[in-house]
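Residue numbers (my numbering): -8 to 365.
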């Protein structure tokens, strides 16, 4: 049966209301994939735990393919509903706030709790989901993963193409295993994982996006192997708020070229205009470059042939434009929005009268976007 858009929208609102109230749905109702994904996402806002009967009913009617855990106290009972769906994408965040994680009273690391991530994944993924999952994103803030978890994930997720393990501590053994056993990845985010070099990354030969932000490399040798990734289109080696990070300098010292590079993030690093200019000239394929709080003077970049778009915070208008673009790009770019806000407050917060009404309104709007969605 085909529905017009307004009928589908009304049907979705009706289903969402009925579900949140814990009532069973019409026995003949068939919920398509997109609506199922949205309804499943509504579980993050459910005021109460669904009854077992409601969970069983929804398990048979939803046809969801993706789920993003965002609720701080997501009920364990709701995991059964997620488990019933055949997912291809799963995002897990705020895991340290889940009540049903097994956490010791005295963790080895006083700032993090050990978690068996494979056991946790089995709460959300059924065997079909394990077989077909293509995107897995985990924010490990407050946790570290126990056991030999990378080989097991590699074995259980044979179709995985995109992996985000943000803020999950990795040692060199973990990273070597990741590169060897997940060599079919096209997207990898290892930001804030505490690794200090990228040795082994060339094993992931088809990698198109590498996000390695909030890491501090000590020498050009630590990142040189990146240049063996001939299919790489997006590279992020941006730093934190520490001016001592010299990833730009290390990248420049390699004096090599990534032939397909289109976007590079060099923000929150120490680097000279001459270094950045040389990097841009050697990469004529670049379409955009992130240089937030990296340079004090951008004039040296003015006359570069076919100069890419340069995102920075030198002017208030550019702050607003940079935030708008990063908010639209989403993903790892959203993590930088708070840092742009800090830079904007430092540079312009004391003298907003010098800014145009249009710029102020745009900045305020993007700030709201960031608070709501990022």
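Cβ atoms here follow ideal geometry from the backbone N, Cα and C, with glycine treated the same way.
Bear in mind that the values here come from a model prediction, so they are computed numbers and not experimental data.
Query raised in the report: Does DSSP put residue 317 in a helix, a strand or coil?
Result: In the structure shown, the three-state DSSP call for residue 317 is helix.
Query raised in the report: Can you pull the DSSP bridge partners for residue 128?
Result: Note: residue 128 sits in a beta bridge opposite 82 and 155.
**Report entry** Three CB pairs or more closer than 8 Å across the region 110 to 122 and the region 160 to 170
**Finding:** The region 110 to 122 makes no contact with the region 160 to 170: fewer than 3 CB pairs, one atom from each, lie closer than 8 Å.
Query raised in the report: What are the boundary residues of the beta strand (DSSP E) that includes residue 180?
Result: Where residue 180 is concerned, the enclosing beta strand (DSSP E) stretches over 178 to 180.
Query - Collapsed DSSP secondary structure at residue 166 in the structure displayed - result: Here residue 166 carries a helix assignment [DSSP, helix/strand/coil].
Query raised in the report: Under the three-state reduction of DSSP, which class applies to residue 289: helix, strand or coil?
Result: Residue 289 falls in the coil class under three-state DSSP.
Report task. Sort 139, 264, 28 and 142 by Cα distance to residue 282 and report the nearest one. Result -> Residue 264 is the option with its Cα nearest to residue 282.
Query raised in the report: Given that a residue counts as buried once 16 or more other Cβ atoms are within 10 Å of its Cβ, and exposed if not, what is residue 367?
Result: Because the chain in this structure spans residues -8 to 365, residue 367 falls outside the shown range and cannot be described.
Query raised in the report: Going by Cα to Cα distance, which pick from 24, 177, 170 and 69 is closest to residue 41?
Result: Nearest of 24, 177, 170 and 69 to residue 41, Cα basis: 69.
Query raised in the report: Would you call the CB atoms of residue 153 and residue 178 closer than 7 Å?
Result: Yes. Within cutoff.
Report task. Assign residue 204 to one of three DSSP states: helix, strand, or coil. Result -> Residue state, collapsed to three classes: coil.
Query raised in the report: If you count every other CB in all the chains shown that lies within 10 Å of the CB of residue 120, and 16 or more means buried, which is it?
Result: Buried, since its Cβ has 16 or more Cβ neighbours within 10 Å.
Query - residue 377 versus residue 256: straight-line alpha-carbon distance, rounded - result: No answer is possible for residue 377: it lies beyond the span of the chain, which begins at -8 and ends at 365.
**Report entry** Between the CA atoms of residue 219 and residue 183 - distance to the nearest angstrom
**Finding:** So the alpha carbons of these two residues sit roughly 23 Å apart.
Query raised in the report: When you compare only the Cα positions, how much space is there between residue 144 and residue 252?
Result: Rounded to whole angstroms, residue 144 to residue 252 spans 29 Å at the Cα level.
Query raised in the report: What residues are listed by DSSP as bridge partners for residue 255?
Result: In the DSSP assignment, residue 255 is bridged to 226 and 280.
Query raised in the report: I think residue 116 touches residue 151, with their Cβ atoms under 8 Å apart; what is that distance to the nearest whole Å?
Result: Separation of the CB atoms of residue 116 and residue 151 is rounded to 12 Å, and the pair is thereby denied contact status at 8 Å.
Query - Unbroken beta strand (DSSP E) run spanning residue 214, endpoints - result: Per DSSP, residue 214 belongs to no beta strand (DSSP E) and is neither H nor E.
**Report entry** Alpha-carbon spacing of residue 164 relative to residue 191, whole angstroms
**Finding:** Straight-line Cα distance between these residues: approximately 10 Å.
Query raised in the report: Can at least three beta-carbon pairs, one atom from the region 24 to 42 and one from the region 58 to 65, be found at a separation below 8 Å?
Result: Touching, yes.
Query raised in the report: Between which two residues does the beta strand (DSSP E) carrying residue 60 extend?
Result: Counting along the chain, the beta strand (DSSP E) containing residue 60 begins and ends at 57 to 60.
Report task. Taking residue 133 and residue 87 to be in contact with their CB atoms under 8 Å, please state how far apart those CB atoms are, rounded to whole angstroms. Result -> The pair is a contact, with the Cβ atoms about 3 Å apart (cut-off 8 Å).
Query raised in the report: If we ignore side chains and look at the alpha-carbon of each, how far apart do residue -3 and residue 25 end up?
Result: Its pLDDT being 40, under 50, residue -3 is placed unreliably by the model, and the measurement read from it follows with that caveat. Distance between the alpha carbons of residue -3 and residue 25 is about 15 Å.
Query - residue 207 beta carbon less than 7 Å from that of residue 193 - result: No; because the gap between Cβ atoms is not below 7 Å, this pair is not in contact.
Query raised in the report: If you compare alpha carbons, which of 240, 202 and 268 is closest to residue 325?
Result: Looking at the Cα atoms, 202 is the closest of the given residues.
Requested in this report: For residue 123, collect the residues of the same chain with a Cβ closer than 6 Å to its Cβ; drop the 5 residues on either side in sequence, then sort them by chain order.
Outcome: Closer than 6 Å at Cβ, skipping near neighbours: 79 and 150.
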